[in-house]
Amino acid sequence: MTNPIPHLFLVLPLTFIATQHCKSEAGGALKKAVWGKFCEISEDLGKTPAGATAKLSSIDKLRSRLEETALRLQIYAQQTENLRDSAKAATLATYFAGLANSATSQATGGEGQKLIKASADAAYAKGRLDELLSLMAQAKGASHGCLVDDSKQAQAAPKDEKIGSMQCSLKLKHGAGTYIRPKTLATNGFKSDAVPASKGNEGQEDGKKCAILKLNGGGLGHGEAVDAEEVSYGGGIFTGSRTDNKLTGATLSTIKAKQGEAANIWSAAHDALTTIDTLDTEKFTNDALGDEPTDEVIRATALVMGSEGSTEKEEGTMKAKNMFPNPAHEEIKKFIMKMEAHKLTKGELGMAENTPLGQIGGVEKLTALLVRTALALSKQKQELIAELTKKNAEKNAKIEEEKEKECNAAGNEQEACEKLNDKGCVFNKDGEKDKKCTLKKETKEKLEKEIKETTEYGKENITGNNSFVINKALLWLAVLLF
1 MTNPIPHLFL VLPLTFIATQ HCKSEAGGAL KKAVWGKFCE ISEDLGKTPA GATAKLSSID
61 KLRSRLEETA LRLQIYAQQT ENLRDSAKAA TLATYFAGLA NSATSQATGG EGQKLIKASA
121 DAAYAKGRLD ELLSLMAQAK GASHGCLVDD SKQAQAAPKD EKIGSMQCSL KLKHGAGTYI
181 RPKTLATNGF KSDAVPASKG NEGQEDGKKC AILKLNGGGL GHGEAVDAEE VSYGGGIFTG
241 SRTDNKLTGA TLSTIKAKQG EAANIWSAAH DALTTIDTLD TEKFTNDALG DEPTDEVIRA
301 TALVMGSEGS TEKEEGTMKA KNMFPNPAHE EIKKFIMKME AHKLTKGELG MAENTPLGQI
361 GGVEKLTALL VRTALALSKQ KQELIAELTK KNAEKNAKIE EEKEKECNAA GNEQEACEKL
421 NDKGCVFNKD GEKDKKCTLK KETKEKLEKE IKETTEYGKE NITGNNSFVI NKALLWLAVL
481 LF
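Quick note: the sequence shown uses the UniProt record's numbering, first residue 1, plus one each step.
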């Protein structure tokens, strides 16, 4: 089934606006030391969709591996002739199925919803940043642009995903890839503040006029005055007052502290990148280092091996420790290796050649093999039931025949017949000659009842609570038959 979640994360790159801005003389062009950092942030954001998709893809691959392992264990539980190994395999099949379900829930449940929100926050932040860079790269005041290089030369409009010599694509990049941690991301915010939070700095080139950054007098245009008391650029990357012509940079290095307040674009963007970065794709593996069985293993043990009316935690813990002694995680790994080495022989379940279980992949194929195993065992069961019924009937008929002969041996002698009363014999004066001593009706009915009960007991033991080790029950029946 196609999972739509990964595609939703293609918008993740629009994550945060780690901005490093400056404040300086009104109308001055931004130096490369400042706008270049904006481009680094934009590039980081541009890699987010592929990284988020890769993380979700790895979770899906993990889920598939866990589900395949659970199916192999179910097949092994029915194939192995070792009753203890069969119980272990049935328990671990339940355990790994639970891990697979948890991995699915991580991608489609709570974690998935967090990533969807992160996608929106990141997309909004990148859009605000890229639009500002794009406008400044195209705008000019007099003969000068808003962005200058180290030689104070105005930069041309973005071309071939660059502004001048700086990589700055200003667009989202979709596609598969591996996750790459953003270079500008730090624990409490972005790695640095490009511009001091105090008014005025050297981030702008004084001699260059930039209409977009012009506040006092000429305003944002060539002749229109600024109406607002304060102007904000790129969602708060930096701000300026119309009265003093100085820009102030946003403090991004400690932006995490503001995430508990009314979230602004910067704190939401930082939280978005952090959410993606900390997504644990290996959370539900069997790589725990503890010596004791985990709660998940204990629960699986209780579900498979628990007795009716028992305390799940107590009995599950006891049986789990017995099956997987310290160190439990190593015991489980060893058992998985043993299970994967088990071979299905050529011709068995449609195998073209001898094949170890661990080399058979794909949920669909393993499910088909599990079904074929169950069908084969069911056929054996029905054949054994029929054989058991036949054998029991023959056996009890023979017992009845022998008892009848023992009574008939008294012939026509009533006194001799009465001495066999404890054998179930009774004298019938109107009976057949030389066979007037015969088996009581009640004794015959008792024998027939025993025949029926023996047959039903056999059926219960191959269709009831022990069905998960059905092959062991079949062996038991075979012993009864002969």
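We put the beta carbon where it would ideally sit given N, CA and C, even for glycine.
Where residue i falls: helix, strand or coil (DSSP)
{"i": "Glu404", "result": "helix"}
{"i": "Gln167", "result": "strand"}
{"i": "Glu229", "result": "coil"}
{"i": "Ser241", "result": "strand"}
{"i": "Glu205", "result": "strand"}
{"i": "Gly249", "result": "strand"}
{"i": "Ala29", "result": "strand"}
{"i": "Ala139", "result": "coil"}
{"i": "Lys159", "result": "strand"}
{"i": "Ala409", "result": "coil"}
{"i": "Lys117", "result": "helix"}
{"i": "Cys417", "result": "helix"}
{"i": "Lys346", "result": "coil"}
{"i": "Ala352", "result": "coil"}
{"i": "Ala186", "result": "coil"}
{"i": "Thr438", "result": "strand"}
{"i": "Phe427", "result": "strand"}
{"i": "Leu172", "result": "coil"}
{"i": "Leu279", "result": "coil"}
{"i": "Val363", "result": "helix"}
{"i": "Pro6", "result": "Since pLDDT at Pro6 reaches only 36, below the 50 mark, its modelled position is unreliable, and no value is offered."}
Distance between beta carbons of residue j and residue i, contact taken as under 8 Å
{"i": "Leu388", "j": "Glu68", "result": "At roughly 37 Å, the Cβ-Cβ gap does not stay under 8 Å, so Leu388 and Glu68 are not in contact."}
{"i": "residue 483", "j": "Asp85", "result": "Look at the range of the chain in this structure, 1 to 482, and you will see that residue 483 is not part of it."}
{"i": "Lys258", "j": "Asn264", "result": "6 Å"}
Separation of residue j from residue i, as counted between CA atoms
{"i": "Cys407", "j": "Cys437", "result": "5 Å"}
{"i": "Ile237", "j": "Ser42", "result": "13 Å"}
{"i": "Trp35", "j": "Leu147", "result": "7 Å"}
{"i": "Ala52", "j": "Ile276", "result": "6 Å"}
{"i": "His21", "j": "Met136", "result": "With a pLDDT of 32 at His21, under the threshold of 50, the modelled position of that residue is not reliable, and the figure given next carries that caveat. Spanning the two alpha carbons is a distance of roughly 13 Å."}
{"i": "Thr278", "j": "Ala77", "result": "37 Å"}
{"i": "Thr239", "j": "Leu170", "result": "22 Å"}
{"i": "Gly235", "j": "Ala125", "result": "8 Å"}
{"i": "Gly127", "j": "Glu161", "result": "16 Å"}
{"i": "Gln330", "j": "Glu282", "result": "The displayed chain sequence assigns Glu, not Gln, to residue 330. Their Cα atoms are separated by approximately 18 Å."}
{"i": "Leu99", "j": "Ile298", "result": "13 Å"}
{"i": "Asn428", "j": "Ala386", "result": "37 Å"}
{"i": "Gly431", "j": "Ala409", "result": "14 Å"}
{"i": "Leu45", "j": "Glu205", "result": "27 Å"}
{"i": "Leu377", "j": "Glu383", "result": "10 Å"}
{"i": "Cys425", "j": "Ala393", "result": "22 Å"}
{"i": "residue 485", "j": "Gln113", "result": "Residue 485 cannot be examined here, being either before or after the span of the chain that is shown, 1 to 482."}
{"i": "Thr317", "j": "Tyr95", "result": "14 Å"}
{"i": "Ala228", "j": "Glu131", "result": "21 Å"}
{"i": "Lys419", "j": "Lys390", "result": "34 Å"}
{"i": "Pro327", "j": "Glu450", "result": "50 Å"}
{"i": "Asp422", "j": "Glu314", "result": "52 Å"}
{"i": "Gln79", "j": "Asp291", "result": "29 Å"}
{"i": "Leu357", "j": "Ile59", "result": "23 Å"}
{"i": "Arg65", "j": "Pro182", "result": "29 Å"}
{"i": "Cys168", "j": "Glu40", "result": "7 Å"}
{"i": "Thr48", "j": "Phe38", "result": "16 Å"}
{"i": "Gln106", "j": "Lys321", "result": "28 Å"}
{"i": "Lys381", "j": "Ala118", "result": "55 Å"}
{"i": "Gly110", "j": "Ala368", "result": "32 Å"}
Cutoff 7 Å; reference residue i; Cβ partners in own chain excluding five residues on either side
{"i": "Lys254", "result": "Reading off the sequence shown, one finds Thr at residue 254, where the question assumed Lys. Counting only Cβ-Cβ distances below 7 Å, and skipping sequence neighbours, we find Asn188 and Gly189."}
{"i": "Tyr179", "result": "Gly51, Ala54 and Lys55"}
{"i": "Arg63", "result": "Ala100, Ala103 and Thr104"}
{"i": "Ser134", "result": "Pro158 and Leu170"}
{"i": "Asp434", "result": "Gly411 and Asn412"}
Heavy atom of the ligand GDP within 7 Å of residue i beta-carbon
{"i": "Phe96", "result": "As for the ligand GDP, it is missing from this structure, which has no ligand bound."}
Residues of its chain near residue i, where Cβ-Cβ distance is below 6 Å and the 5 sequence neighbours each way are ignored
{"i": "Met323", "result": "Lys88"}
{"i": "Glu400", "result": "Leu447"}
{"i": "Cys417", "result": "Ala410, Cys425, Phe427 and Cys437"}
{"i": "Lys173", "result": "Gly46"}
{"i": "Glu442", "result": "none"}
{"i": "Val304", "result": "Ala90, Thr91 and Thr94"}
Contact set for residue i: own chain, Cβ-Cβ below 8 Å, skip 5 residues either direction
{"i": "Asp149", "result": "Lys32, Gln155, Gly164 and Ser165"}
{"i": "Leu439", "result": "Glu400, Lys403, Glu404, Cys407, Gly424, Cys425 and Val426"}
{"i": "Lys191", "result": "Ala18, Lys183, Thr184, Leu185 and Ser253"}
{"i": "Glu230", "result": "Thr239, Gly240, Ser241 and Arg242"}
Taking 8 Å as the threshold, find out whether the region 58 to 75 comes into contact with the region 334 to 348 through three or more Cβ pairs. yes
contact_flag[the region 366 to 384, the region 348 to 358] where n(CB pairs < 8 Å) is 3 or more: With three or more CB-CB distances shorter than 8 Å, the region 366 to 384 counts as touching the region 348 to 358.
Answer yes if the region 299 to 306 comes into contact with the region 82 to 91, meaning at least three C-beta pairs across the two stretches below 8 Å, and no otherwise. yes
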